[in-house]
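Just below is one structure, and these are the notes that go with it.
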């Protein structure tokens, strides 16, 4: 279900279109969406909040920038916070706290320094979808702003892909706004 996004980071206008697509899917399928963010510091939440009728389908987000917040609030287990276990716990805990059935969690290291022996550009995503969590590990190239932009786009893309699963045949891949169907 989780596919790699395009190598190209979308423009601000394209990202806004993706969020509108997510809004439509969430409304059609009566989905409640939430976010848990570390690396992106609430930027995914800000993008979702700009979409149509976001108050109807977007429950909210938790920004857990400090390790202690991840451990105390989101029940991330002891150990590295840039990890699959952290992304999983963040997604699951946020869904429970905010009453969401679809949640994306993001934890990573944008750089330029290494954190916990994790190289810059390393990102873990966790997607909670109706009781189960899938994870995705990516290593993005570039400067910290490039890593941040790619992470935001991937987080929104993952939400769209999961929200689409509730529409028609989950094997069908509906093109994103501006893309050609294959």
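In the UniProt record's numbering, the protein residues as written are 1 to 182.
Glycine included, C-beta positions come from ideal geometry on N, C-alpha and C.
For clarity, every value in this text was computed on a predicted model and none was experimentally measured.
CB-CB length for residue 40 against residue 81, believed under 8 Å
Walking along the chain shown from the start, residue 40 turns up at place 40. Walking along the chain shown from the start, residue 81 turns up at place 81. Not confirmed; about 14 Å, so no contact.
Mapping the DSSP letters down to three states, classify residue 122 as helix, strand or coil. The count along the chain shown starts at 1 and reaches residue 122 at position 122. Strand, per DSSP.
- Identify whether residue 137 lies in helix, strand or coil by the three-state DSSP scheme. Within the chain shown, numbered from 1, the residue matching residue 137 stands at position 137. Looking at residue 137 - three-state DSSP - the assignment turns out to be strand.
Practice item. For residue 22, I'd like the list of residues in its chain whose CB is within less than 8 Å of its CB, leaving aside the five on either flank, ordered along the chain. Key: Residue 22 sits at position 22 when you count from the first residue of the chain shown. Beyond the five residues adjoining it in sequence on each side, residue 22 comes within less than 8 Å, by CB distance, of 33, 48, 51, 156, 159, 160 and 163 in the same chain, given in chain order.
* **chain B contact for residue 144 (CB, 8 Å cutoff)** => The structure shown has no chain B; it contains just one protein chain.
If we call anything under 8 Å between Cβ atoms a contact, is residue 9 one with residue 150?
The sequence position of residue 9 within the chain shown is 9, counting from 1. The sequence position of residue 150 within the chain shown is 150, counting from 1. Yes. Within cutoff.
| query | Closest to residue 79 by CA distance: which of 115, 110, 53 and 144 is it? | reply | Stepping through the chain shown from its first residue, residue 79 is reached at position 79. The shortest C-alpha separation from residue 79 is found at 115.
Assigned exposure category for residue 117 - 16 Cβ within 10 Å defines buried: Counting from one through the chain shown, the residue named residue 117 turns up at place 117. By the C-beta density criterion, residue 117 is exposed, having fewer than 16 other C-beta atoms within 10 angstroms.
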